[in-house]
């Protein structure tokens, strides 16, 4: 198994992977929309002898404070592994490789909407502890799943409560 950067020849395999790993095609549509908008900051695949066994994408996000200050980071998701290869560490390897690469690029922080037990192993913490919330969740229904990770060891340059906005492609799914 090799973790590597996605190339255009992988797109069909990733599309099939996403459609098999999720109950609806929403994630596949999201990935297509992010690519079309050139908002796929980082996309990695797990290549199993020429077959796409897993994939992860990171896209741009913006934290906007009540005073109007903004900070820019990355959003993790989606991440998927073909069902017959799940629970073998492929998803973990993809996320770790992606976070390491983002650190090398100088990305200051990353957010994710997902299972705290899973993403906590990478160092993600509840974003509510920073007084951050996801703009797509105005009622706070998913606040427990919205998490934040510093990639630089520094705090973002925003003060007070922040609403985090994913790329507009997320609004369509």
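In this note's numbering, the protein residues as written are 977 to 1149. Each residue gets a CB set at the ideal place from its N, CA and C atoms; glycine is no exception.
Rounded straight-line distance, which links the Cα of residue j to that of residue i
i	j	result
residue 1001	residue 1008	11 Å
residue 1046	residue 1109	14 Å
residue 1124	residue 1011	24 Å
residue 977	residue 987	18 Å
residue 1077	residue 1086	12 Å
Other residues of its chain near residue i: CB distance less than 8 Å, five sequence neighbours each side excluded
i	result
residue 1005	1148, 1149
residue 1072	1098
residue 994	1001, 1003, 1004, 1007, 1031, 1054, 1056
residue 1084	1047, 1048, 1049, 1126, 1127, 1128, 1130, 1132
Assigned exposure category for residue i - 16 Cβ within 10 Å defines buried
i	result
residue 1027	exposed
residue 1089	buried
residue 1033	buried
residue 1106	buried
For residue i, the first and last residue of its enclosing alpha helix (DSSP H)
i	result
residue 1068	1066-1081
residue 1007	1002-1012
Close Cβ partners of residue i (< 7 Å) along its chain, the five nearest in sequence each way excluded
i	result
residue 1059	996, 997
residue 979	1020, 1022, 1069, 1070, 1073
Residues bridged to residue i (per DSSP)
i	result
residue 1096	Beta-bridge pairing links residue 1096 to no other residue.
residue 1051	1035, 1087
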